[in-house]
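Visitor:
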Ligand code: FE2
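In structure tokens:
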């Protein structure tokens, strides 16, 4: 992956970037879609809403669609050994293949993105059934990750042509209450952060929202740099690269195991993080933990903000504030076998940041897990 990835078009600024209506869904490519979908349903409270596979006329793959609030996942697995999904899983383990954007016109979005320097993935095409049509196209981003442009305005069905009712039954448990994607973070190789920030600026018209240097994101052992790009609306995509530290950066550990750049974590928003984390813990989700001393320091840092400290400490929820308000957040352990992708759960009370005040405590928690794997 060299600098040639970003094609240079002098006229690209004259072409309006694709207008994105938010994230339609995120697609996982996994080794066992049935088991992973069951895990998301039982542990995180997702509702399984649609299914495609041999029973609905699809011969090469199965997909389960899960939903909670406006968060939608498609979980896909291969049915044949020569499938690109099987290849992806062999290389990366289970992971995120596609961050799919909603658009008004999938062909216009594709043409505009390519004219602005996008790497093509899939030219515009249309899927139809008796309920209407889904128009879609796709461009590449870091690693083997892609962005689909999807227009569902001419479709009246639950998800897409070829999908039927869910195959898996509903799973019981306390309600969790996750509502929307807050941000989705990618890890890229050392020295490639600026190139990918440029890619989002040039191709999709995003702007940098905030940059964190390695002196802000470092512990005794490891460091990283991060730039957050966004579309000034619902799509917020931080990008990390490893930085020089005394030991292996958590980003390097990710790259070693994922074997390429890719999605590191997805932050899922909830209006009530105490209830959400309590429910997820009851459902069996494992979270990274912070030491009890964290809360002595946090109470000082958050002086004047009324917070349920006992519940936060009991559940391991972290807190931070910025000029606009405060936020509460917690991170799961890795979701798959390899130490790669995980969820963040976040509640915002005005704050627009990403928990910079927690970076040190968080990274120390990640490093304890990294050390337990023998990778620090
Ligand atoms: Fe995050």
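In our numbering, the protein residues as written are 1 to 376.
Think of the CB as a built atom: it goes at the ideal place given N, C-alpha and C, for glycine as much as any other residue.
Because the structure is a prediction, the values reported are computed rather than measured.
What first and last residue would you give for the alpha helix (DSSP H) that runs through residue 319?
Guide: For the purposes of this step, residue 319 is identified with residue 319 of the chain shown, where counting begins at 1. Not the alpha helix (DSSP H): residue 319 falls in the beta strand (DSSP E), residues 318-322.
Visitor: Answer yes if the region 65-76 comes into contact with the region 356-366, meaning at least three C-beta pairs across the two stretches below 8 Å, and no otherwise.
Guide: no
Visitor: So residue 97 packs on residue 28, CB below 8 Å; how close in whole Å?
Guide: Mapped onto the chain shown, residue 97 falls at position 97. Mapped onto the chain shown, residue 28 falls at position 28. Yes, they are in contact, since the Cβ atoms of residue 97 and residue 28 sit about 7 Å apart, within 8 Å.
Visitor: Have a look at 33, 42 and 122 and flag the residue whose alpha-carbon is nearest the alpha-carbon of residue 78.
Guide: For this step, residue 78 is matched to residue 78 along the chain shown. Out of 33, 42 and 122, 33 has the C-alpha closest to the C-alpha of residue 78.
Visitor: Looking at the strands, I want to know which residues DSSP matches up with residue 147.
Guide: Residue numbering aside, residue 147 sits at position 147 when the chain shown is read from its first letter. According to DSSP, residue 147 bridges with 139.
Visitor: Is residue 267 near ligand 1 - that is, is its Cβ less than 7 Å away from at least one heavy atom of it?
Guide: For this step, residue 267 is matched to residue 267 along the chain shown. Residue 267 Cβ: within cutoff of ligand 1.
Visitor: Grab me the residues of residue 15's own chain with a C-beta within less than 7 Å of its C-beta, minus the 5 sequence neighbours each way, in chain order.
Guide: As a first step, residue 15 is located in the chain shown; it is residue number 15 there, counting from the start. Excluding sequence neighbours, residue 15 sits near 112, 115 and 116.
Visitor: Is it right to say residue 270 is buried, meaning 16 or more other beta carbons lie within 10 angstroms of its own, or is it exposed?
Guide: One-based indexing of the chain shown puts residue 270 at position 270. With 16 or more Cβ atoms within 10 Å of its Cβ, residue 270 is classed as buried.
Visitor: Consider the C-beta atom of residue 277 and the heavy atoms of ligand 3; say whether any pair is separated by less than 7 Å.
Guide: Ligand 3 is not part of this structure, which contains only ligand 1.
Visitor: Quick check on residue 218: buried or exposed, where buried means 16 or more other Cβ atoms within 10 Å of its Cβ?
Guide: What you label residue 218 is simply residue 218 of the chain shown in a count that begins at 1. Under this definition residue 218 is a buried residue.
Visitor: CB of residue 344 to nearest heavy atom of ligand 1: below 7 Å?
Guide: The count along the chain shown starts at 1 and reaches residue 344 at position 344. Checking every heavy atom of ligand 1 against the Cβ of residue 344, one is found closer than 7 Å.
Visitor: Verify the contact flag: residue 354, CB atom, against every heavy atom of ligand 1, threshold strictly below 7 Å.
Guide: Locating residue 354 in the chain shown gives position 354, counting from the first residue. True, at least one ligand heavy atom lies under 7 Å from that Cβ.
Visitor: Identify the continuous alpha helix (DSSP H) that holds residue 206 and give its terminal residues.
Guide: Counting from 1 along the chain shown, the entry for residue 206 is found at position 206. Per DSSP, residue 206 belongs to no alpha helix (DSSP H) and is neither H nor E.
Visitor: Report yes or no: do three or more beta-carbon pairs, one from the region 258-277 and one from the region 132-147, lie closer than 8 Å?
Guide: yes
Visitor: By DSSP, does residue 217 sit in helix, in strand, or in coil?
Guide: For this step, residue 217 is matched to residue 217 along the chain shown. Residue 217: coil per DSSP, three-state reduction.
Visitor: Could you check which residue in 331, 290 and 324 has the C-alpha nearest to that of residue 313?
Guide: As a working mapping, residue 313 is identified with position 313 in the chain shown. Comparing Cα-Cα distances from residue 313 to each of 331, 290 and 324, the minimum goes to 290.
Visitor: How many angstroms separate the CA atom of residue 123 from the CA atom of residue 138?
Guide: The count along the chain shown starts at 1 and reaches residue 123 at position 123. The count along the chain shown starts at 1 and reaches residue 138 at position 138. Their Cα atoms are separated by approximately 7 Å.
Visitor: Got a sec: does ligand 1 put a non-hydrogen atom nearer than 7 Å to the Cβ of residue 185?
Guide: For the purposes of this step, residue 185 is taken as the residue at position 185 of the chain shown. True, at least one ligand heavy atom lies under 7 Å from that Cβ.
Visitor: If we ignore side chains and look at the alpha-carbon of each, how far apart do residue 318 and residue 184 end up?
Guide: Within the chain shown, numbered from 1, the residue matching residue 318 stands at position 318. Within the chain shown, numbered from 1, the residue matching residue 184 stands at position 184. Answer to the nearest angstrom: the Cα atoms are 19 Å apart.
Visitor: Going by the CB atoms, is the gap between residue 341 and residue 321 shorter than 8 Å?
Guide: For this step, residue 321 is matched to residue 321 along the chain shown. For this step, residue 341 is matched to residue 341 along the chain shown. It is not a contact, given that the beta carbons lie outside the stated cut-off.
Visitor: Applying the 10 Å Cβ sphere with the 16-neighbour rule, what's the burial state of residue 344?
Guide: The sequence position of residue 344 within the chain shown is 344, counting from 1. Buried, because 16 or more other Cβ atoms sit within 10 Å of the Cβ of residue 344.
Visitor: Taking 8 Å as the cut-off, decide whether the C-beta atoms of residue 324 and residue 357 are in contact.
Guide: Taking the chain shown and counting its residues from 1, one reaches residue 324 at position 324. Taking the chain shown and counting its residues from 1, one reaches residue 357 at position 357. No.
Visitor: Under the three-state reduction of DSSP, which class applies to residue 4: helix, strand or coil?
Guide: Here residue 4 refers to the residue found at position 4 of the chain shown. Reliability of the predicted coordinates at residue 4 is poor, the pLDDT of 45 falling under 50, and no value is obtained from them.
Visitor: Note the first and the last residue of the continuous beta strand (DSSP E) segment covering residue 51.
Guide: For this step, residue 51 is matched to residue 51 along the chain shown. That run of the beta strand (DSSP E) goes 47-52.
Visitor: Can you tell me which of the three DSSP states residue 334 falls into?
Guide: If you number the chain shown from 1, residue 334 lands on position 334. DSSP places residue 334 in the coil class of the three-state scheme, outside both helix and strand.
Visitor: Under 8 Å, do residue 37 and residue 168 count as touching if we go by C-beta distance?
Guide: As a first step, residue 37 is located in the chain shown; it is residue number 37 there, counting from the start. As a first step, residue 168 is located in the chain shown; it is residue number 168 there, counting from the start. Their beta carbons are under 8 Å apart, which means residue 37 touches residue 168 by this criterion.
Visitor: On the DSSP bridge list, what partners appear for residue 201?
Guide: Position 201 of the chain shown, counting from 1, holds the residue named residue 201. In DSSP, residue 201 forms no bridge with anything.
Visitor: Would residue 368 be called buried (16 or more neighbouring beta carbons within 10 Å of its own) or exposed?
Guide: Against the chain shown, residue 368 aligns to sequence position 368. Per the 10 Å Cβ criterion, exposed.
Visitor: Would you kindly check if the distance between the Cβ of residue 315 and the Cβ of residue 281 is under 8 Å?
Guide: Position 281 of the chain shown, counting from 1, holds the residue named residue 281. Position 315 of the chain shown, counting from 1, holds the residue named residue 315. Yes, Cβ-Cβ distance for residue 281 and residue 315 is below 8 Å.
Visitor: In chain order, what are the residue ranges of uninterrupted beta strand (DSSP E) at least 3 long that sit wholly in the region 23-96?
Guide: Within the region 23-96, the runs of beta strand (DSSP E) that reach at least 3 residues and sit entirely inside it are, in chain order, 23-29, 47-52, 61-68 and 71-78.
Visitor: Check for me: the alpha helix (DSSP H) holding residue 346 runs from which residue to which?
Guide: Taking the first residue of the chain shown as 1, we reach residue 346 at position 346. Segment 342-349 is the beta strand (DSSP E) holding residue 346; no alpha helix (DSSP H) there.
Visitor: Is the CB-CB distance between residue 154 and residue 133 below 8 Å?
Guide: To locate residue 154, count along the chain shown from 1; it is residue 154. To locate residue 133, count along the chain shown from 1; it is residue 133. A contact, by the Cβ cut-off of 8 Å.
Visitor: DSSP three-state call for residue 359: helix, strand or coil?
Guide: Counting from one through the chain shown, the residue named residue 359 turns up at place 359. Looking at residue 359 - three-state DSSP - the assignment turns out to be helix.
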